[in-house]
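Enquirer: Residue numbers (full-length UniProt numbering): 1 to 885.
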DNA sequence: CTAGGGTTAG
């Protein structure tokens, strides 16, 4: 008896202290030799111990040797053994067997069973087990409760987890940790933080589990101050000696976009594991410091074992850096190290090779994938798009749609393909995508909606853009920007303005693109007041130092009649590029300040900016509007010989304009003859305008014929020719041209003018009698005409382009030209002496130019007129353009 | 019974 007791306690001690499998097997052999292997006590110990050394098979064989009448202790051991080794189905199988036996489970049975349900994400089994627990009344047990909280939390059923937690009669730190971790890992960061703060109010002191579980919440909620506080707590309490905690701190600072703090944590870590390296590599990647990402990897290759996650991060960095060599090296390394590549890594490889421009390899990886998921398809399609092969991207998409798999095109697929249809201006394809997207409800995705708006706009269907926009429930900054830009592109400024004011009333925050689309809109509309407001607004949002914003402001102010403001913006810019200078030169040109434009060009050259072809257009344009013929020609020569820039059609048109404006008609015609490229309608149109002002009707007719022969797309040129024939009284030609225009269903942009008075824009169309104060306007114009007649004014009937029988009727039409209505309206609605500013969408006609000069003299006012081409400042009977319009 | 790291667009 004595021997028996002492050998029992000896074996029990030997079992507990065995520290490796071999030792355990020797003790096991001893147990068998002593005939103790059927004993419940030793068998239970052996089952536990074998599971500890990851030998569940041995655990099971021990279990089987125990007599059929097993007690609950043995059952719990085997269920726990399988559970600990991740063999959850086995755990549940033996739990089932236990319930079939006569033995009833105790509270120690359930934590493992619950964990098995959690591990299998088996919510039904979990519910069943929960019911059984409630029947037996074990739910009040701390360990059972903790396991339940954990199970529900893992399954994402945070409401139920919280309920169990709230109903627990006793809670410990594990209960809190399980709930915090559950909230965190499912993205419920606020809740996670709330529970953590509740915990902090209690007497319980957080441990490393708590800290590492709540850290992601701090990182994602960007609560920097509190995050730093938690860091302090981690240092004080000593939990930062745990590597997981440090990894969490590292990740948090990276989420905060504080690489310096992150780096300090990383450098001060005594122990790092591969997660530490992966976290910092991936964090640098997300902060777009890709070089740093790669550097950490290369410099620490001997410090840690890169795993498949390391590889995927580094590969992504390679993609961003377009470093094909390193990508191939890492890929090769991964293959040789024998890592199993899952779909995620393969997808990354497809993306990276695509980004590096190696579509052959990308395609090989793609082909080699046995199970292609949506991301695989998206990645290869995106590769082709990035490499400019839009048609192949389309082809692959069609192939994808034909595949009978569970993988379907998602919002990203559609987003990419909508942009393909946009870039190809393929309306039919775009419409097909739209209907697909509507069928699967993806159209409610904000980005997809935005892409569709853009697609329709760029395919010329602005009406459909607006339809989508109006039907959208949520809109972001991009939505608004896209719609405004659609209106501007289409020339529908009225809607553009309306949408802009709606946007300003909404809570959406403008971004740089907002300003880069609204400023040019103001420029086109010469909406000075709105332009200034937008300028103030962008100052508030801190965009004033942006180069492109400065460039847009210069253009806006110059087109709104504020040359000084343009210059002020120009002066304040810390950085200037060729666009900046071009804007300024063009601005001077518009105001007839040719010398200043030339000076600016010299300054630009001095500042080391290399001129491009556009700046020369501005130069010649400026010279043209200031009568600087020689200087303009010199600029053209300098461009060709000194800067080796081949002139484009626009340059030739500018030179023709330059010569024509100065009435050098024969020179202009010679120049056109000598052009190395075939002159288009714009060239001839320039010449034609000059012919008409100089009265060279012979050339005018010849040139008009040319224009009609060219059959230009822009109806403006045909109308110009038609007007020339009208002046020649060749009405048959006029009606022929008009008819062909009508046949083509082309409608000319009708002429209109507008004026801003008391923060309101008033628009006038030619001959419009429905405009406000129409009666008064006509009356005052009549008075003005009689006053003008005294100055010797005779209306120029050549400017009338339609064959009207009565000279009187022609005069009526002239008097109806829209800018005159706008000017008269301005005179009627402002204090005497106030300067007026009138805008016109077309060029001012010669007769209106004369009339405005006279009006400025008669009423003693400055009248600033901006037409489609430039500014005219009328003052005391003269114009700033010195009649070179 | 409780903790951390990876994919596609713009």
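Heads up, the beta-carbon is just placed ideally off N, CA and C, and yes, glycines get one too. A quick note: this is a predicted structure, and the numbers were derived from the prediction, not measured.
Since I believe residue 475 is in contact with residue 508 (beta carbons under 8 Å), could you give me their beta-carbon distance rounded to a whole number of angstroms?
Expert: In the first chain, counting from the first residue as 1, residue 508 sits at position 508. In the first chain, counting from the first residue as 1, residue 475 sits at position 475. Correct: roughly 7 Å between the Cβ atoms.
Enquirer: Is the segment 855–863 touching the segment 580–587, taking contact as three or more C-beta pairs under 8 Å?
Expert: Short answer: they don't touch.
Enquirer: In whole angstroms, what separates the C-alpha of residue 489 from that of residue 515?
Expert: Start at 1 with the first residue of the first chain, and residue 489 comes out as number 489. Start at 1 with the first residue of the first chain, and residue 515 comes out as number 515. Each residue's Cα considered, the two are about 15 Å apart.
Enquirer: Leaving aside the five residues before and after residue 362 along the sequence, list all residues of the same chain whose C-beta is less than 7 Å from its C-beta, in chain order.
Expert: Within the first chain, numbered from 1, the residue matching residue 362 stands at position 362. Around residue 362: 350, 353, 354, 380 and 383.
Enquirer: Spatial neighbours of residue 615 within its chain, please: CB distance less than 8 Å, with the 5 preceding and 5 following residues excluded, ordered by chain position.
Expert: On the first chain, position 615 is the one that residue 615 refers to. Closer than 8 Å at the Cβ level, and outside the excluded window around residue 615, lie 578, 581, 582, 585, 601 and 604.
Enquirer: Over the uninterrupted alpha helix (DSSP H) stretch that includes residue 228, give me the two end residues.
Expert: Residue mapping note: residue 228 aligns to position 228 of the first chain, counting from 1. From DSSP, the alpha helix (DSSP H) with residue 228 extends over 224–237.
Enquirer: Which same chain residues, not among the five before or five after residue 434, have their C-beta less than 7 Å away from its C-beta?
Expert: Taking the first chain and counting its residues from 1, the one referred to as residue 434 is at position 434. In its chain, beyond the 5 residues on either side, 452 have a beta carbon closer than 7 Å to the beta carbon of residue 434.
Enquirer: Mind reading off the beta-carbon distance from residue 881 to residue 592? Whole number of angstroms is fine, and I expect it under 8 Å.
Expert: Walking along the first chain from the start, residue 881 turns up at place 881. Walking along the first chain from the start, residue 592 turns up at place 592. Yes, they are in contact, since the Cβ atoms of residue 881 and residue 592 sit about 6 Å apart, within 8 Å.
Enquirer: Please classify residue 837 as buried or exposed, where buried requires at least 16 other C-beta atoms within 10 Å of its C-beta.
Expert: Translated into the one-based positions of the first chain, residue 837 becomes position 837. Result: buried.
Enquirer: State the beta-bridge partners of residue 878 as determined by DSSP.
Expert: Counting from one through the first chain, the residue named residue 878 turns up at place 878. For residue 878, which the question treats as bridged, DSSP gives the partners 875.
Enquirer: In angstroms, rounded to a whole number, what distance separates the CA positions of residue 68 and residue 155?
Expert: For the purposes of this step, residue 68 is identified with residue 68 of the first chain, where counting begins at 1. For the purposes of this step, residue 155 is identified with residue 155 of the first chain, where counting begins at 1. Cα to Cα, the separation comes out at about 36 Å.
Enquirer: Which same chain residues end up closer than 6 Å to residue 141 when comparing Cβ atoms and leaving out the 5 residues on each side of it in sequence?
Expert: Walking along the first chain from the start, residue 141 turns up at place 141. Here the set comprises 107.
Enquirer: How would you label residue 121, buried or exposed, when you count the other beta carbons within 10 angstroms and need 16 or more for buried?
Expert: Counting from 1 along the first chain, the entry for residue 121 is found at position 121. By the neighbour-count rule (16 or more Cβ atoms within 10 Å), residue 121 is not buried but exposed.
Enquirer: Between the beta-carbon of residue 688 and the beta-carbon of residue 736, is there less than 7 Å?
Expert: As a position in the first chain, residue 688 is number 688, starting the count at 1. As a position in the first chain, residue 736 is number 736, starting the count at 1. Cβ atoms of residue 688 and residue 736: not closer than 7 Å.
Enquirer: Nearest-angstrom Cα distance between residue 827 and residue 726?
Expert: Numbered from 1 along the first chain, position 827 holds the residue referred to as residue 827. Numbered from 1 along the first chain, position 726 holds the residue referred to as residue 726. Each residue's Cα considered, the two are about 33 Å apart.
Enquirer: What is the rounded straight-line gap between the Cα of residue 20 and the Cα of residue 225?
Expert: Residue numbering aside, residue 20 sits at position 20 when the first chain is read from its first letter. Residue numbering aside, residue 225 sits at position 225 when the first chain is read from its first letter. One C-alpha to the other measures close to 47 Å.
Enquirer: Which same chain residues end up closer than 6 Å to residue 597 when comparing Cβ atoms and leaving out the 5 residues on each side of it in sequence?
Expert: Mapped onto the first chain, residue 597 falls at position 597. Closer than 6 Å at Cβ, skipping near neighbours: 585, 588, 589 and 622.
Enquirer: Please say whether residue 617 and residue 650 have beta carbons closer to each other than 7 Å?
Expert: Working through the first chain from its first residue, we reach residue 650 at position 650. Working through the first chain from its first residue, we reach residue 617 at position 617. Against a cut-off of 7 Å, the Cβ pair of residue 617 and residue 650 comes out as a contact.
Enquirer: How far does the alpha helix (DSSP H) with residue 706 in it reach, from first residue to last?
Expert: Position 706 of the first chain holds residue 706. Per DSSP, residue 706 belongs to the alpha helix (DSSP H) from 697–710.
Enquirer: Rounded to a whole number of angstroms, what is the C-alpha to C-alpha distance between residue 216 and residue 227?
Expert: Mapped onto the first chain, residue 216 falls at position 216. Mapped onto the first chain, residue 227 falls at position 227. C-alpha separation (whole angstroms): 10 Å.
Enquirer: Determine the direct distance from the alpha carbon of residue 629 to that of residue 784, and round the result to whole angstroms.
Expert: As a working note, residue 784 is residue 784 in the first chain. As a working note, residue 629 is residue 629 in the first chain. Cα to Cα, residue 784 sits roughly 37 Å from residue 629.
Enquirer: What do you get for residue 745, buried or exposed, if any count of 16 or more other CB atoms within 10 angstroms of its CB means buried?
Expert: Here the question's residue 745 lines up with position 745 in the first chain. With a pLDDT of only 49 at residue 745, under 50, the local geometry of the prediction cannot be trusted, and the value read off the model is given with reservation. Exposed.
Enquirer: Output the boundary residues of the alpha helix (DSSP H) element that contains residue 377.
Expert: Counting from one through the first chain, the residue named residue 377 turns up at place 377. It spans 374–386 - the alpha helix (DSSP H) in which residue 377 sits, taken as one unbroken run.
Enquirer: Sort out for me which residues DSSP pairs residue 293 with in a bridge.
Expert: Here residue 293 refers to the residue found at position 293 when the first chain is read from its first residue. Bridge partners of residue 293: none, in fact.
Enquirer: Mind checking residue 230: buried by the 16 CB within 10 Å criterion, or exposed?
Expert: To locate residue 230, count along the first chain from 1; it is residue 230. Buried, by the Cβ-count rule.
Enquirer: Would you say residue 74 and residue 44 are within 7 Å of each other, going by their C-beta atoms?
Expert: The residue you call residue 74 lines up with position 74 of the first chain. The residue you call residue 44 lines up with position 44 of the first chain. Against a cut-off of 7 Å, the Cβ pair of residue 44 and residue 74 comes out as a contact.
Enquirer: Closest to residue 178 by CA distance: which of 145, 463, 190 and 817 is it?
Expert: For the purposes of this step, residue 178 is identified with residue 178 of the first chain, where counting begins at 1. Nearest option by C-alpha distance: 145.
Enquirer: Under DSSP, the beta strand (DSSP E) around residue 836 begins and ends at which residues?
Expert: Start at 1 with the first residue of the first chain, and residue 836 comes out as number 836. From DSSP, the beta strand (DSSP E) with residue 836 extends over 836–840.
Enquirer: Could you tell me which of 113, 17, 84 and 85 sits nearest to residue 97, measuring between CA atoms?
Expert: As a position in the first chain, residue 97 is number 97, starting the count at 1. Here the closest residue by C-alpha is 113.
Enquirer: By how many angstroms is the C-alpha of residue 397 removed from the C-alpha of residue 218?
Expert: As a first step, residue 218 is located in the first chain; it is residue number 218 there, counting from the start. As a first step, residue 397 is located in the first chain; it is residue number 397 there, counting from the start. Answer to the nearest angstrom: the Cα atoms are 40 Å apart.
Enquirer: Anyone know if the C-beta pair for residue 262 and residue 245 falls short of 7 Å?
Expert: Sequence index remark: in the first chain, residue 262 carries index 262 (1-based). Sequence index remark: in the first chain, residue 245 carries index 245 (1-based). Contact: no.
Enquirer: Please give me, in chain order, every unbroken run of the alpha helix (DSSP H) with length at least 4 that falls completely inside the segment 168–226.
Expert: The qualifying runs are 173–185, 189–201 and 208–221.
Enquirer: Span of the alpha helix (DSSP H) holding residue 32?
Expert: Here the question's residue 32 lines up with position 32 in the first chain. Counting along the chain, the alpha helix (DSSP H) containing residue 32 begins and ends at 21–33.
Enquirer: Just the C-alpha distance for residue 693 and residue 763, rounded to the nearest angstrom, thanks.
Expert: Counting from one through the first chain, the residue named residue 693 turns up at place 693. Counting from one through the first chain, the residue named residue 763 turns up at place 763. Near 28 Å, if we compare the C-alpha coordinates of residue 763 and residue 693.
Enquirer: As an exercise, report each continuous beta strand (DSSP E) stretch of at least 3 residues that is fully enclosed by the segment 121–167, in chain order.
Expert: none
Enquirer: Alpha carbon to alpha carbon, how far is residue 186 from residue 102? Give it in angstroms, no decimals.
Expert: Reading the first chain from its first residue, position 102 is the one you call residue 102. Reading the first chain from its first residue, position 186 is the one you call residue 186. Taking the straight line joining both Cα atoms gives about 40 Å.
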